[in-house]
Every structure is written in C-alpha cells, then in structure tokens.
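Asks: For the sequence shown, the working numbering assigns the number 1 to the initial residue and increments by one for each residue that follows.
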Amino acid sequence: RFYFANGGMDALEAGNHTLKIEIKPYLKNPALKVGDVIANGEINLIVPKKYVSEGQKAIQKIKPNSGWKVSDEKFNQEKIRLLNQKIAENRFREITGIVVIKNDKLLLEEYFNGYERDSLNDTRSVGKSISSALMGIAVKDGYIKNENQPLSDFYDLKQFKNYSSKKDSVTIKSLLTMSSAFDGNDEDSDSPGNEENMYPTDNWVKFALDLPMTDNKIGKNWHYFTAGVVVTGDILDKSVPEGLEKYSDKKLFQPLGITNYKWQFTPQQKPSLAGGLRMKALDFAKFGQLYKNEGIWNGKRILDKDWIEKSFTNYFADNKESEGYGYLFWRKVYKVGNKSYESYQSSGNGGNKIIVFKDIPVVIVITARAYNKPYSHSQADKIVQQYLLPSVLNE
Numbered sequence: 001r002f003y004f005a006n007g008g009m010d011a012l013e014a015g016n017h018t019l020k021i022e023i024k025p026y027l028k029n030p031a032l033k034v035g036d037v038i039a040n041g042e043i044n045l046i047v048p049k050k051y052v053s054e055g056q057k058a059i060q061k062i063k064p065n066s067g068w069k070v071s072d073e074k075f076n077q078e079k080i081r082l083l084n085q086k087i088a089e090n091r092f093r094e095i096t097g098i099v100v101i102k103n104d105k106l107l108l109e110e111y112f113n114g115y116e117r118d119s120l121n122d123t124r125s126v127g128k129s130i131s132s133a134l135m136g137i138a139v140k141d142g143y144i145k146n147e148n149q150p151l152s153d154f155y156d157l158k159q160f161k162n163y164s165s166k167k168d169s170v171t172i173k174s175l176l177t178m179s180s181a182f183d184g185n186d187e188d189s190d191s192p193g194n195e196e197n198m199y200p201t202d203n204w205v206k207f208a209l210d211l212p213m214t215d216n217k218i219g220k221n222w223h224y225f226t227a228g229v230v231v232t233g234d235i236l237d238k239s240v241p242e243g244l245e246k247y248s249d250k251k252l253f254q255p256l257g258i259t260n261y262k263w264q265f266t267p268q269q270k271p272s273l274a275g276g277l278r279m280k281a282l283d284f285a286k287f288g289q290l291y292k293n294e295g296i297w298n299g300k301r302i303l304d305k306d307w308i309e310k311s312f313t314n315y316f317a318d319n320k321e322s323e324g325y326g327y328l329f330w331r332k333v334y335k336v337g338n339k340s341y342e343s344y345q346s347s348g349n350g351g352n353k354i355i356v357f358k359d360i361p362v363v364i365v366i367t368a369r370a371y372n373k374p375y376s377h378s379q380a381d382k383i384v385q386q387y388l389l390p391s392v393l394n395e
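#1: What's the gap between the Cα of residue 396 and the Cα of residue 251?
#2: Hey, residue 121 and residue 280: beta-carbon distance below 9 Å or not?
#3: Select from 306, 307, 305 and 330 the residue whose C-alpha is nearest the C-alpha of residue 317.
#4: Within a Cβ cutoff of 7 Å, which residues of the same chain sit near residue 294, ignoring the five residues on either side of it in sequence?
#5: Check each candidate in 227, 209 and 153 and name the one with the smallest Cα separation from residue 274.
#6: In the DSSP assignment, the beta strand (DSSP E) including residue 330 goes from what residue to what residue?
#7: If we count Cβ pairs, one from each stretch, closer than 8 Å, do we get three or more for the segment 241 to 259 versus the segment 90 to 99?
#8: Give a yes or no on whether the C-beta atoms belonging to residue 256 and residue 286 are separated by under 9 Å.
#9: List the endpoints of the continuous beta strand (DSSP E) containing residue 209.
#10: If contacts are defined as beta-carbon pairs under 8 Å, then residue 391 and residue 80 qualify, I think. What distance do you get, rounded to the angstrom?
#11: Residues in the same chain with beta-carbon distance under 8 Å from residue 198, minus the five sequence neighbours each way, listed in chain order, please.
#12: Could you check whether residue 367 and residue 97 sit closer than 9 Å to each other, using their CB atoms as the reference points?
#13: Please name the residue, chosen from 172, 232 and 235, that lies closest to residue 218 on a Cα-to-Cα basis.
#14: Looking at the secondary structure, which residues open and close the alpha helix (DSSP H) in which residue 172 lies?
#15: On the DSSP bridge assignment, give the partners of residue 102 in chain order.
#16: Just the Cα atoms here: how many angstroms apart are residue 18 and residue 24?
#17: Just grab the DSSP bridge partners of residue 396 for me.
#18: Below 8 Å on the Cβ atoms is my guess for residue 264 versus residue 276; work out the distance and round it to an integer in Å.
#19: Specify the secondary structure class of residue 229 as computed by DSSP and reduced to three states.
#20: Spatial neighbours of residue 411 within its chain, please: CB distance less than 6 Å, with the 5 preceding and 5 following residues excluded, ordered by chain position.
#21: Would you identify the three-state DSSP class for residue 355, choosing helix, strand or coil?
#22: Which value, in whole angstroms, describes the spacing of the CA atoms of residue 291 and residue 223?
#23: In the DSSP assignment, what are the bridge partners of residue 113?
#24: Inspect the beta-carbon positions of residue 85 and residue 56 and report whether they are closer than 9 Å.
#25: Which of the three DSSP states, helix, strand or coil, is assigned to residue 340?
#26: Would you mind reading off the limits of the alpha helix (DSSP H) that contains residue 247?
#27: Quick check: what's the CA-CA separation for residue 239 versus residue 146?
#28: Tell me which same chain residues have a C-beta within less than 7 Å of the C-beta of residue 186, skipping the five on either side of it?
#29: Can you tell me whether residue 237 is buried or exposed, with buried defined as 16 or more other CB within 10 angstroms of its CB?
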C-alpha cells in the first residue's frame, strides 16, 4: 500500500535494484505513531525493460467530429511522449483518457487501456460537482430560494430518527461544503454515516436524515459525507418541475450538447448525485469549460457567475490537512518550477478529475479506473504537475 502510494513504481526502473526492508510497528489513532525497527533485510531485484512501441509513445491525433474547435497552439510534445510511455509501461496505472482544453479549444485527446472517444467513464464522485451545478441552476431559475435554505423547508425532520433542533438549522450550503454536522464521515470506517453503510439500505435519503448530529458547528467542520449529497439531489428532485432527471437534461446536458450519459440511481429510481454518472471524457471537459467560461456556453448563460465564484471559494482555509473545498469542488494547487497554479476540481475514486485552473485558460480531464487504489489520486496529480502542465505551458 505505502509502496504504491509513495511512488514506488518510479523507483523500479529497468535494471538491478536492492530493496531494503525495515519492519516497524505503527498505530494510527488518529495520529500516526511509529515504533522502533523490529526486523530488517534486503532483496535483490532484477527489473526487465518493458518494450514500448513508437506507436504507444506517439501523441494521438485528434480525430474529426469531436464537437470542439481544435487548437493549433504549440506544446511540449516530448513531455506527452514521456507520459504515454509511462502509461504503456504501467507506471501510471489504469489511466483510460486524458483531455486538455486550452483557450476553449481541444489541445490534447488521448485514450488508453481499451477506452476510446465514445466510452462512458464511471468517474464516481466527479458527479458530486454536477449536483453543485444543478443546485446553482435551480437557484437561478427560482425553484430554490438560495443555498442558505434549511432542511426544515423541505422535510418534517421530526419524522426521522435522532431528531434535534440542530437538524432544522442544517442548510443546503452546509451539505454542499461537507460541513452539515451530521454524524457522517466517509473517511472514518466507524462513522455511522459512512457511505458504505448507506448503500445496502432501501432509502438513502432516510438513511442520511435519520443520522444523529455531532457537536460540530454547522458550516465550520469539514467531513466528506456522501449521504449529504444524496439529500441535495432529493431536494432538487422535489423542487424542480418534472423531477431531477428531466430537469438536468433540459437545463444542463442538452445546452452543453451532452446526449449520451448514464445515471446511477437511488433505490427510489432517482438520479444519484453522490456519484457514478457516466459520460464521455470530452463531455466532462464541456462541464469544466462551462465553469471556465463563467457559466456561459455558446453565448447562452447556463450558470450564474456568482454561483461559480461561490463554488470556487475555499471555505476551510484554516484546515491544514486540506488545500480547500468549495461547493462540492476540491481546491488544489499545482507547482511547476517556482510558479503555483490554483485549481478547483471535480474528483472521483479511481483518480478521475475535471480540473479547472483559475488563472490560466486550461481545463484538464483525466479518466481512470484505479478504484480504491492508494495511488489513484497521487498519480493523477503527478500526471498533471510533471507532464501536462509543463507541456501546455511549454515549461
């Protein structure tokens, strides 16, 4: 686990290696404590060189009918060839697609491991950011007053278990920012609201609203809480005309020209905004570019600019363990040379990303299927920071 998570594959280039092993006891509860060495040894490894053809390293040509204007801007092609080689050597694992948009034009489009342009990618929690967009559209259309509306406007919370008056104060905004103070934390396997406890139930909304509240202050303490995003989907479904499925198609997907996609559904057969929405990589890029365009697509306003500004605001600047979180978007800062590039991104299990940079005209999509692997997100970050950004910026 630690070997892959910390870049062990990069250490094992072709040739002879000595792997030194030290065994230490450790305890994580919650801080990591490490004891003294209790055993050690060495293993000699011979790593054969993997043959990579010129075709595997070559930059893939953008085919016609992408739905995008194709960029003629120059970029560092050698960086992309090296990236393609790493993917072919399986040093970057289970990558299925890479798309780069620069100045609203398609600069790079590549597919790997049997995937192609029309493949529908299961990007898991990338779909949470779709929930954020749909909430913004519903606010724009007047079906939701604003994100500060409390749950009590939509539910009789006394009908659910573990009622307390604090539940009445939970807002849509606190669900969008993962700070609702429900006793739910997907990063804690013992949390009653962990998403793995939700999926076997026959009503995911009830599961969430039945949860007790913690002592945390609403809007202040961040915990990754998938069940809360399910609730945002239910609020939308009961608030917009004809339900969430038709509304999202009419107000978001059709205007973006997205026609081929698949929802994951809740047990009540409602679209699940918790994740699992499948789309083409190029269509995920459209979603990212919509945010880069400040809510406008083909001259038509889909999202209000101020909603995007709120979505791309870090509400947890004092959290040292995270670079930040907005309205179901992660904040991430990449460094190339001595420069920093701030982004907000949709992120999903497996290493899936839609990355929108704030100060440069670039949107990056990575699709991958390294589900539940410890290296999935770190390798995606490495692809962006060491290969894609330097290439696009000609560093």
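In this text, a Cβ means the ideal position worked out from N, Cα and C, and glycines have one as well. The structure presented is a predicted model; accordingly, all values stated were derived computationally and were not measured.
Replies: Reading off the structure:
#1: The displayed coordinates of the chain run from 1 to 395. Any statement about residue 396 would go beyond what the structure contains.
#2: Locating residue 121 in the sequence shown gives position 121, where the first residue counts as 1. Locating residue 280 in the sequence shown gives position 280, where the first residue counts as 1. In contact: residue 121 and residue 280 (Cβ atoms closer than 9 Å).
#3: Residue 317 sits at position 317 when you count from the first residue of the sequence shown. Just measuring C-alpha positions, the residue of 306, 307, 305 and 330 sitting nearest residue 317 is 330.
#4: For this step, residue 294 is matched to residue 294 along the sequence shown. Hits under 7 Å: 305 and 308.
#5: Taking the sequence shown and counting its residues from 1, one reaches residue 274 at position 274. Closest by alpha carbon: 227.
#6: Here the question's residue 330 lines up with position 330 in the sequence shown. 330 to 336 is the extent of the beta strand (DSSP E) around residue 330.
#7: No, the segment 241 to 259 is not in contact with the segment 90 to 99.
#8: Along the sequence shown, read from residue 1 onward, the residue named residue 256 stands at position 256. Along the sequence shown, read from residue 1 onward, the residue named residue 286 stands at position 286. Contact flag set, yes.
#9: Indexing the sequence shown from 1 puts residue 209 at position 209. Not the beta strand (DSSP E): residue 209 falls in the alpha helix (DSSP H), residues 204 to 210.
#10: In the sequence shown, counting from the first residue as 1, residue 391 sits at position 391. In the sequence shown, counting from the first residue as 1, residue 80 sits at position 80. Rounded, the Cβ-Cβ distance is 5 Å, consistent with contact.
#11: Sequence index remark: in the sequence shown, residue 198 carries index 198 (1-based). Taking C-beta separations shorter than 8 Å and ignoring five residues to either side along the sequence, the partners of residue 198 in its chain run 204, 207, 208, 226, 227 and 230, following chain order.
#12: Counting from 1 along the sequence shown, the entry for residue 97 is found at position 97. Counting from 1 along the sequence shown, the entry for residue 367 is found at position 367. Yes, the pair counts as a contact, with Cβ atoms nearer than the cut-off.
#13: Within the sequence shown, numbered from 1, the residue matching residue 218 stands at position 218. Cα-wise, what sits closest to residue 218 is 172.
#14: Taking the sequence shown and counting its residues from 1, the one referred to as residue 172 is at position 172. From DSSP, the alpha helix (DSSP H) with residue 172 extends over 172 to 176.
#15: Position 102 of the sequence shown, counted from the first residue, corresponds to residue 102. Within the DSSP secondary-structure output, residue 102 pairs in a beta bridge with 105 and 362.
#16: In the sequence shown, the residue the question calls residue 18 occupies position 18. In the sequence shown, the residue the question calls residue 24 occupies position 24. One C-alpha to the other measures close to 19 Å.
#17: This structure leaves residue 396 out entirely; the chain is present only between 1 and 395.
#18: Numbered from 1 along the sequence shown, position 264 holds the residue referred to as residue 264. Numbered from 1 along the sequence shown, position 276 holds the residue referred to as residue 276. Right, their Cβ atoms sit about 3 Å apart.
#19: By 1-based counting over the sequence shown, the position of residue 229 is 229. If DSSP states are grouped into helix, strand and coil, residue 229 belongs with the helices.
#20: Residue 411 is absent from the structure shown; the chain starts at 1 and stops at 395.
#21: For this step, residue 355 is matched to residue 355 along the sequence shown. Reduced to three states, the DSSP call for residue 355 is strand.
#22: Position 291 of the sequence shown, counted from the start, is the residue given in the question as residue 291. Position 223 of the sequence shown, counted from the start, is the residue given in the question as residue 223. Roughly 25 Å separates the two Cα atoms.
#23: For the purposes of this step, residue 113 is identified with residue 113 of the sequence shown, where counting begins at 1. BP columns for residue 113 are empty, so no partner.
#24: The residue given as residue 85 occupies position 85 in the sequence shown. The residue given as residue 56 occupies position 56 in the sequence shown. Contact flag set, yes.
#25: Counting from one through the sequence shown, the residue named residue 340 turns up at place 340. In the structure shown, residue 340 sits in a strand (DSSP, three-state: E or B).
#26: Residue numbering aside, residue 247 sits at position 247 when the sequence shown is read from its first letter. Counting along the chain, the alpha helix (DSSP H) containing residue 247 begins and ends at 243 to 248.
#27: Here residue 239 refers to the residue found at position 239 of the sequence shown. Here residue 146 refers to the residue found at position 146 of the sequence shown. Computed Cα separation, rounded: 12 Å.
#28: For the purposes of this step, residue 186 is taken as residue 186 along the sequence shown, with counting starting at 1. Closer than 7 Å at Cβ, skipping near neighbours: 194, 195, 224, 225 and 226.
#29: As a position in the sequence shown, residue 237 is number 237, starting the count at 1. Here residue 237 is buried. Its C-beta has 16 or more other C-beta atoms within 10 Å.
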